[in-house]
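J.: Going by my numbering, the first residue of the sequence shown is number 476, and it counts up by one from there.
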Amino acid sequence: MDTLPTYSLKILASVGALSLGTFVLKTLLVLLQTFVLGGKSLAKYASNNKEAWAVVTGATDGIGKEFAFQLAAAKYNIILVSRTQGRLDDTASEIGKRYGRSTRTIAVDFEFASDHDFNRIAQSINDLDIAILVNNVGRSHEMPVAFAETALNEQKAIIAINVNATLRVTSLVLNKMLARKRGLVLTLSSFAGVIPSPLLATYSGSKAFLQTWSDALQSELKGSGVDVECVSTYFVSLNPENKVSNMSRIRRASMLIPMPEDYVSAVLRKIGVPCGALWTGRPSTSTPFWSHSLLDFVIHCIGWKGAFIRYTLSG
Ligand SMILES: NC(=O)c1ccc[n+]([C@@H]2O[C@H](COP(=O)([O-])OP(=O)(O)OC[C@H]3O[C@@H](n4cnc5c(N)ncnc54)[C@H](OP(=O)(O)O)[C@@H]3O)[C@@H](O)[C@H]2O)c1
């Protein structure tokens, strides 16, 4: 008669021990990946080719400009893509002076880009060994706004820039990467893509698209030599000397809101290492900056997603 409760207790204790063990192991792995382990070497994608190139979209400001600089410092030549030719020229000349790398510039507005514009990009990169693509360009809402009141033009622009441009530019480089059996497709997503963001619904959905698309692409390309990385970004602050755009509009860096140089340096040091995103176990997703990693981990493992959504709505 009393063997059943004892037996049940043993099962409960085993399940509890297993859950606790898994939790402790995953927590240790997240800490190890966040603070100790490095990622894949960037040199791997160039494979000793001194003429390897990286394409960076949205390359003249904020995070994209920093990717262009740090990839040039890592000995990649850079193709800079954004709207304004003057800013492209300035960034290209800075890269030449600072890092001695070659550059090409392509002025295109992804909000209105036509097949002709994507053909122009294809022609500009046709003769080059593209080893890395950074899908950085992105647009959010001008102001937080309920979806019912979001202007159609704003909805269209967000989808054209965040989704359509990313797919089109990736399509332009992917087959060549596959033929060379090496390459990296790195896409900037956002916490808004993992945690629904009220009043930024279209932006949030577009970043969720990029996340799921990257995860699917990574699984498709496993073993091909082409890596897919989707970085889930919390806020990154505005570079003090760049006053023009910047999505976050936050000027002061803090523990949770790094400067673009610190953020990009973390991304490039942790390629292939999920850090805090380990908890959700998505194939391509990473939260490489240390405080974003811990925030991602805490939100998902403690189940604070609902609280985070309420916090966004109240802010
Ligand atoms: N900053 C953050 O806190 C944060 C947080 C989460 C995710 N992210 C993601 O990180 C990425 C970069 O954000 P950011 O804050 O660094 O952006 P940013 O400072 O606003 O820079 C945007 C870059 O894209 C170019 N650009 C803007 N609209 C364009 C268009 N229609 N066509 C072509 N180029 C265009 C801009 O140059 P021109 O104006 O000359 O075209 C500039 O080079 C985005 O995908 C964003 O969603 C950022």
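Ideal placement from N, C-alpha and C gives every residue a C-beta, glycine not left out.
Taking ASN611 and GLY533 to be in contact with their CB atoms under 8 Å, please state how far apart those CB atoms are, rounded to whole angstroms.
T.: With 8 Å as the limit, ASN611 and GLY533 qualify as a contact, their Cβ atoms being about 5 Å apart.
J.: Could you say if the region 780-789 and the region 744-761 meet the contact criterion of at least three C-beta pairs nearer than 8 Å?
T.: Touching, no, given that fewer than three Cβ pairs across the two stretches are closer than 8 Å.
J.: What three-state label does DSSP hand LEU661 in the structure shown?
T.: strand
J.: Can you have a look at SER672 and say buried or exposed, based on whether 16 or more other CB atoms are within 10 angstroms of its CB?
T.: buried
J.: Please name the residue, chosen from ALA728, SER768, MET730, PRO758, that lies closest to VAL742 on a Cα-to-Cα basis.
T.: SER768
J.: Less than 7 Å between the CB of THR535 and some heavy atom of ligand 1, yes or no?
T.: yes
J.: Let me check understanding here. Comparing Cα to Cα, which of CYS750, THR645, ALA676 lies closest to VAL703?
T.: THR645
J.: Look at the Cβ atom of VAL609, then the Cβ atom of LEU653, and state whether they are nearer than 8 Å.
T.: no
J.: Under a three-way DSSP split, which group does VAL719 fall into?
T.: In this prediction, VAL719 scores a pLDDT of 45, lower than 50, which makes its location untrustworthy; the coordinate-derived value is nonetheless stated afterwards. VAL719: coil per DSSP, three-state reduction.
J.: Grab me the residues of ASP771's own chain with a C-beta within less than 7 Å of its C-beta, minus the 5 sequence neighbours each way, in chain order.
T.: The beta carbon of ASP771 sits closer than 7 Å to the beta carbons of SER707, GLY751, ALA752, THR762 from its chain, once the five residues preceding and following it are set aside; these are given in chain order.
J.: Kindly provide the ranges of any beta strand (DSSP E) runs that are 3 or more residues long and lie completely inside the region 477-557, ordered along the chain.
T.: If we require 3 residues or more, the beta strand (DSSP E) runs fully inside the region 477-557 come out as 527-532, 552-557.
J.: Between PHE510, PRO480, PHE542, which has its C-alpha nearest MET734's C-alpha?
T.: Of the candidates PHE510, PRO480, PHE542, the one whose C-alpha sits nearest the C-alpha of MET734 is PHE542.
J.: Does DSSP put SER729 in a helix, a strand or coil?
T.: coil
J.: Please report the straight-line C-alpha distance between LYS718 and HIS775, rounded to a whole angstrom.
T.: Because the pLDDT of LYS718 is 49, which lies under 50, any placement of that residue in the model is unreliable, and the number read from its coordinates should be weighed accordingly. About 34 Å.
J.: Taking only runs of the alpha helix (DSSP H) that begin and end inside the region 670-716, which ones reach a length of at least 4 residues, in chain order?
T.: 676-695
J.: Does the Cβ of ILE774 lie closer than 7 Å to at least one heavy atom of ligand 1?
T.: Relative to the non-hydrogen atoms of ligand 1, the Cβ of ILE774 never comes closer than 7 Å to any of them.
J.: Buried or exposed: which applies to SER720, given that a residue is buried once 16 or more other Cβ atoms fall within 10 Å of its Cβ?
T.: At SER720 the pLDDT is 47, less than 50, meaning the model places this residue with poor confidence; the figure from the coordinates comes in the next sentence. By the 10 Å Cβ count, SER720 comes out exposed.
J.: Closest to ALA626 by C-alpha separation, out of THR677, VAL638, PHE510, LEU663, would be which residue?
T.: Considering only alpha carbons, the answer is THR677.
J.: Going by DSSP, what residue range makes up the alpha helix (DSSP H) through ARG573?
T.: Note, ARG573: alpha helix (DSSP H), 560-574.
J.: Classify ARG757 as helix, strand or coil using the three-state DSSP reduction.
T.: ARG757: coil per DSSP, three-state reduction.
J.: Determine the burial state of THR760: buried for a count of at least 16 other Cβ atoms within 10 Å of its Cβ, exposed for fewer.
T.: buried
J.: I believe ALA529 touches LEU546 by the beta-carbon criterion, under 8 Å. Please report the beta-carbon distance rounded to the nearest angstrom.
T.: 4 Å
J.: Can you give the beta carbon distance from PRO758 to ASP690, rounded, assuming they're within the 8 Å contact cut?
T.: PRO758 to ASP690, Cβ: 5 Å. Contact.
J.: Taking ALA518 as the reference, give the member of LYS550, CYS705, ARG614, THR641 with the closest Cα.
T.: LYS550
J.: According to DSSP, is VAL604 part of a helix, a strand, or is it coil?
T.: For the record, residue 604 in the displayed sequence is Asp; it is not Val. ASP604 falls in the strand class under three-state DSSP.
J.: Measuring alpha carbon to alpha carbon, tell me which residue in GLY778, GLY575, ASP602, VAL748 is nearest LEU818.
T.: No information on residue 818 is available, as it lies outside the stretch 476 to 790 that the chain covers here.
J.: Rounded to whole angstroms, how far is the Cβ of LEU731 from the Cβ of PHE710, which I believe are closer than 8 Å?
T.: Taking 8 Å as the upper bound for CB-CB distance, LEU731 and PHE710 are in contact here, some 7 Å apart.
J.: If you run the structure through DSSP and keep just helix, strand and coil, what is MET734?
T.: coil
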